[in-house]
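Below: the structure, in structure tokens.
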Amino acid sequence: ETGVTQSPTHLIKTRGQQVTLRCSSQSGHNTVSWYQQALGQGPQFIFQYYREEENGRGNFPPRFSGLQFPNYSSELNVNALELDDSALYLCASSRDYEQYFGPGTRLTVT
Amino acid sequence: GQQVMQIPQYQHVQEGEDFTTYCNSSTTLSNIQWYKQRPGGHPVFLIQLVKSGEVKKQKRLTFQFGEAKKNSSLHITATQTTDVGTYFCAGPRAGNNRKLIWGLGTSLAVNP
Chain A
10 ETGVTQSPTH LIKTRGQQVT LRCSSQSGHN TVSWYQQALG QGPQFIFQYY REEENGRGNF
70 PPRFSGLQFP NYSSELNVNA LELDDSALYL CASSRDYEQY FGPGTRLTVT
Chain B
124 GQQVMQIPQY QHVQEGEDFT TYCNSSTTLS NIQWYKQRPG GHPVFLIQLV KSGEVKKQKR
184 LTFQFGEAKK NSSLHITATQ TTDVGTYFCA GPRAGNNRKL IWGLGTSLAV NP
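Below, the structure is given as structure tokens:
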């Protein structure tokens, strides 16, 4: 296993609600990247945090936000959920180039 | 914008046949990484290639980085059912080595 954990593993929400997903990075890793992966698609980069600061963002609206804590764990928040937000949300921690992925959170929006 | 493309999208082979997936970037890459994702699982890092023309082997897997550092390939010799999954290539965004742009992946199915 990678040592990266995510919670919860599964989540069902209704449209318009808000959700917070959590990620604990591997020890010694100061960078966390968040990805959205729809069924049958590759991971889509949402944003990355490096030493508690956002270090770049993909093509996701502002209702996707996040933060990173001093222990380098991270949260992804999504407001005003839409049906298309249903996906597997992956976080990956890294120190150099290699990314270590957590098991993901499967979010279903109904 | 910067793009990473992979072909084919799907590949179905008989166990024992070879398999190759190709990755092409719209820009020169400082490095390229390959990941494997099993059905229901998460991406797992396989390898990183850095040098122009670099070739690396991992048992039956051979990875190659093109001379122009814009394309790469993964070749599996004599596939086994354990090779089933989706293979992704990913390259760093221009100006930021920490952020990756991912291809859409090649899904490999192996008939026993």
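Here the protein sequences line up with chains A and B, keeping their order. Each residue of the first sequence is one higher than the last, beginning at 10 in my numbering. Each residue of the second sequence is one higher than the last, beginning at 124 in my numbering. The beta carbon of each residue, even a glycine, is placed where N, CA and C say it ideally should be. Note that the coordinates shown come from a computational prediction; the quantities given were computed from them, not determined experimentally.
Might you give, ordered along the chain, the residues of its own chain that have their beta carbon closer than 6 angstroms to the beta carbon of residue 30 (chain A), omitting 5 neighbours on each side?
Once the five neighbours on either side are set aside, the close Cβ partners of residue 30 (chain A) are 85, 98, 114.
I need the straight-line Cα distance from residue 179 (chain B) to residue 94 (chain A), nearest angstrom please.
C-alpha separation (whole angstroms): 38 angstroms.
Would you please verify whether the beta carbon of residue 156 (chain B) is less than 8 angstroms from any beta carbon of chain A?
Yes, because at least one Cβ of chain A sits closer than 8 angstroms to the Cβ of residue 156 (chain B).
Short check: CB of residue 196 (chain B) to CB of residue 145 (chain B), under 8 angstroms?
Contact flag set, yes.
Among the residues of its own chain, which have a CB less than 8 angstroms from the CB of residue 91 (chain A), if the five just before and after it don't count?
Around residue 91 (chain A): 24, 118.
Got a sec? Which residues, its chain only, sit under 7 angstroms from residue 140 (chain B) by beta carbon, not counting five neighbours each side?
Counting only Cβ-Cβ distances below 7 angstroms, and skipping sequence neighbours, we find 202.
Can you look up residue 202 (chain B) in the DSSP assignment and give me helix, strand or coil?
Reduced to three states, the DSSP call for residue 202 (chain B) is coil.
Taking 6 angstroms as the limit between beta carbons, can you name the residues of its chain near residue 69 (chain A), skipping five residues before and five after?
Here the set comprises 55.
Considering Cα atoms alone, identify which of A:65, A:49, A:59, A:101 is closest to residue 14 (chain A).
The shortest C-alpha separation from residue 14 (chain A) is found at A:101.
How about residue 53 (chain A) and residue 64 (chain A): do their beta carbons lie closer than 8 angstroms?
It is not a contact, given that the beta carbons lie outside the stated cut-off.
Can you find a C-beta in chain A that's less than 8 angstroms from the C-beta of residue 159 (chain B)?
Not one chain A Cβ lies under 8 angstroms of residue 159 (chain B).
State the CB to CB distance for the pair residue 170 (chain B) and residue 186 (chain B), rounded to an integer number of angstroms; the pair is presumed to be in contact (CB under 8 angstroms).
So it is a contact: roughly 5 angstroms between Cβ atoms.
Note down, in chain order, all residues in the stretch 104-116 of chain A with a beta-carbon under 8 angstroms from any beta-carbon belonging to chain B.
Listed in sequence order: 106, 107, 108, 109, 110, 111, 112, 113.
Identify each residue in the stretch 129-158 of chain B for which the Cβ-Cβ distance to at least one residue of chain A is less than 9 angstroms, and report them in chain order.
The residues in question are 129, 154, 156, 158.
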